[in-house]
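**Q** Sharing a structure, written as structure tokens. Questions coming.
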Amino acid sequence: MGTSINILGLSAFYHDSAAVVLVDGEIVAAAQEERFTRKKHDPAFPAQAIEYCLHEAGLTLSDIDYITFYDKPLVKFERLLETYLGYAPRGFRSFVMAIPVWLKEKLFLKVTLKRELAALSGLATDSLPQLLFHEHHGAHAASAFFASPYSKAAVLCLDGVGEWATSSVWLGDGNTLTPQWEIRFPHSLGLLYSAFTYYTGFKVNSGEYKLMGLAPYGEPKYVDLIKKHLIDIKPDGTFRLDMRYFNYATGLTMTNSRFDKLFGGPPRQPESELTQREMDIAASIQVVTEEIVLKIAKTIHSELDVDYLCLAGGVALNCVANGRLDEEGPFISTWIQPAAGDAGGALGAALATWHEYLEKPRTCQPNVDLMQGSYLGPKAKQSEIESFLESIDANFHKLNDADLVSAVADLLTDENVVGWFNGRMEFGPRALGARSIIGDARSPKMQSVMNLKIKYRESFRPFAPAIKAESVAKWFGREQESPYMLKVAKVNDEHRISLSEEDAALFGIEKLNVPRSSIPAVTHVDYSARIQTVHKETNPRFHALLSAFEERTDCPVLINTSFNVRGEPIVCTAEDAYRCFMRTEMDVLVLENALLLKHEQSAWENDDGWQDEFQLD
């Protein structure tokens with residue numbers, strides 16, 4: 008063992024398993040298991056993610072000083088038992104299904120982890136590094152604050168549920184996090200949002216993005232109904248749910264017949280036609296969510312008297328609420344952990360071990376966080392890419408950096424859709440210009456083309472603009488950083504298109520194909536956009552591409568969406584990227600310095616295998 012202190016952080020067994028390696032407090036590698044197994048939100052022990060992180064750090068498991076887990080299973084089991092006892096005899100069926108899983112896999116997690124780690128490393132279980140367990144919301148808070156650029160900040164964690172906490176507030180100061188207060192299960196903003204995700208026919212723990220994307224097409228007609236029957240919101244933002252309408256505490260579904268009656272019918276069946284009712288419901292729960300987030304933010308600002316706010320937990324991925332926090336909230340600025348969900352818990356547990364357990368100090372640089380743009384995953388070598396392409400007789404052009412950027416900018420200008428595989432893979436749910444599909448944001452047809460012919464998903468799903476950080480104020484109102492695509496901002500007036508009376512009168516999904524700005528492919532129906540600011544320091548090649556595109560078009564904005572088809576995790580390897588390229592109607596593929604044009608490739612054997620391979624989200 009060297010002189011450095013090496014920490015392995017893990018999240019697993021619930022959803023979004025991940026691994027992180029810190030060396031002397033620096034994030035060396037981080038990755039989600041789903042990227043390797045190709046199973047979206049994979050909850051399994053993150054064996055391949057661990058192997059990658061150790062390899063990237065040049066370590067073996069025997070070099071690790073501490074292994075730290077993002078959850079305390081015994082406390083979570085206590086919550087499970089107390090909940091079932093509190094609701095008995097309701098929930099007996101769910102109890103009978105849950106308990107064997109817990110007794111076999113989760114309750115004795117320490118034994119399970121040691122067995123898996125021993126199998127992975129070849130070490131005897133008694134030779135493994137010290138194993139630590141961290142509280143779930145504490146891990147979220149640590150991932151938010153310790154990775155942030157702030158030396159002192161309030162921290163707000165909002166998710167479904169950890170052990171008991173569903174919402175928690177912390178004060179971060181230097182290398183310490185002090186808990187302030189929490190809201191406990193079953194009262195949960197995350198589970199309330201997931202209940203509406205389920206009711207509108209989307210998949211819980213992944214479809215929440217869809218619910219948020221659907222909201223602008225509806226009218227918030229049900230806000231008063233939600234507040235009257237489902238949730239009691241106090242002036243300080245704290246709340247209680249009326250559990251008579253929900254089934255998630257003890258049942259096998261999120262909502263029940265009483266909920267159905269309230270909203271005039273049963274849940275929408277997945278993949279069935281979306282109606283105005285679903286759009287209005289989505290708009291309504293989004294309004295309620297934003298109200299709670301803003302009220303809690305104002306409360307903790309007055310209580311803690313600090314200028315900065317950090318966010319984590321699944322609800323922190325609600326970029327519309329985040330945008331309103333930036334615009335209307337009391338804090339000078341906010342910082343959101345890009346891996347805000349359970350995957351980021353692995354990072355939080357590792358950082359908490361370094362700063363709190365080992366009491367190591369923090370040094371902060373203004374406007375510089377620890378996430379390195381979130382580019383913390385594997386990178387493919389050019390030689391390996393070329394060997395792979397040659398082995399399958401693919402036609403490709405090897406170009407230097409300048410020629411590649413120039414060629415791709417030309418192709419984008421001609422409305423080609425480009426698969427962009429560059430550098431280290433992102434950690435977290437957003438593609439940020441390393442594993443991205445990109446296109447011309449000026450094209451009125453591009454949103455529908457990319458949704459229906461590339462992603463094979465619902466046409467209403469919005470896309471995000473990637474924009475040079477230095478250009479953001481000219482297009483989106485004010486100087487702001489949003490490197491992780493987690494904030495929404497309004498398109499400036501000078502770039503908007505005035506609507507005709509006929510267009511303004513359109514309702515619901517009819518609004519979709521009406522251009523609202525000079526970048527219609529990324530402009531939502533309310534003139535907002537989920538922006539990613541691209542920084543030369545963290546992704547120089549993607550920044551150079553935006554500059555080249557701007558030289559040709561006077562527009563520094565490209566569509567950026569994740570490199571995958573619906574239900575598939577974001578691509579990890581060049582092989583994943585090539586397969587996705589050939590299975591879709593993508594025009595161009597960039598694999599580091601290799602450029603592939605679809606029309607130059609041999610005919611791909613038609614396979615719809617991905618539709619069976621990847622479960623629809």
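Its first residue numbered 8, the sequence shown is counted upward by one per residue in the working numbering.
Don't be surprised by glycine CBs; every beta carbon is placed ideally from N, CA and C.
Check for me: the beta strand (DSSP E) holding residue 187 runs from which residue to which?
**A** 183-191
**Q** Is residue 315 helix, strand or coil when you go by DSSP?
**A** strand
**Q** Taking just the CA atoms, how far does residue 385 sit from residue 58?
**A** 11 Å
**Q** With respect to the beta strand (DSSP E) encompassing residue 253, which residues constitute its N-terminal and C-terminal limits?
**A** That residue, residue 253, is in no beta strand (DSSP E); it is neither H nor E in DSSP.
**Q** Taking only runs that begin and end inside the stretch 484-564, name each unbroken alpha helix (DSSP H) of 4 or more residues, in chain order.
**A** The stretch 484-564 contains these whole alpha helix (DSSP H) runs: 508-511, 547-560.
**Q** Taking DSSP's pairing of strands, which residues face residue 472 in a bridge?
**A** 566
**Q** For residue 509, does the count of other Cβ atoms within 10 angstroms reach 16, so buried, or fall short, so exposed?
**A** exposed
**Q** Distance check for residue 450 and residue 527, CA to CA, integer angstroms please.
**A** Roughly 7 Å between the two C-alpha positions.
**Q** Quick check on this structure: which residue in 292, 192, 214, 464 has the alpha carbon closest to the alpha carbon of residue 229?
**A** 292
**Q** Does DSSP classify residue 91 as helix, strand or coil?
**A** Legend: pLDDT at residue 91 = 49, less than 50; position of this residue unreliable, value from coordinates given subsequently. Note: residue 91 maps to helix in three-state DSSP.
**Q** Could you name each continuous alpha helix (DSSP H) segment of 4 residues or more that falls completely within the stretch 264-345, going from the start of the chain to the end?
**A** 264-269, 283-311, 326-335
**Q** According to DSSP, simplified to helix, strand and coil, what is residue 458?
**A** Here residue 458 sits in helix by DSSP.
**Q** Whole-angstrom Cβ separation of residue 446 and residue 457, contact assumed at under 8 Å?
**A** Going by Cβ atoms, the distance from residue 446 to residue 457 rounds to 6 Å, so yes, they are a contact pair.
**Q** Three-state secondary structure (DSSP) at residue 601?
**A** Strand.
**Q** Taking residue 65 as the reference, give the member of 15, 495, 536, 226 with the closest Cα.
**A** 15
**Q** Is residue 5 helix, strand or coil when you go by DSSP?
**A** As shown, the chain starts at 8 and ends at 624. That puts residue 5 outside it, with no answer to give.
**Q** Cutting at 6 Å between CB atoms, please list the residues of its own chain near residue 488, excluding the five before and the five after it.
**A** 540
**Q** Can the beta-carbon of residue 441 be found closer than 8 Å to that of residue 382?
**A** yes
**Q** Give the DSSP-derived three-state secondary structure of residue 172 in the structure shown.
**A** strand
**Q** Just to confirm before moving on: does the CB-CB distance between residue 479 and residue 327 stay below 8 Å?
**A** no
**Q** Taking DSSP as the reference, what is the three-state secondary structure of residue 198?
**A** helix
**Q** Use the C-beta contact count for residue 567: other C-beta atoms within 10 angstroms, 16 or more gives buried, fewer gives exposed.
**A** buried
**Q** Can you say whether residue 122 is buried or exposed, counting buried as having 16 or more other CB atoms within 10 angstroms of its CB?
**A** By the 16-neighbour rule on beta-carbons within 10 angstroms, residue 122 is exposed.
**Q** Return the CA-CA distance between residue 91 and residue 193, expressed in angstroms with no decimal places.
**A** The predicted position of residue 91 is uncertain, since its pLDDT is 49 and thus under 50; a value taken from the coordinates is nonetheless stated next. So the alpha carbons of these two residues sit roughly 12 Å apart.
**Q** Give a yes or no on contact between the stretch 578-589 and the stretch 406-421, applying the rule of three or more CB pairs nearer than 8 Å.
**A** no
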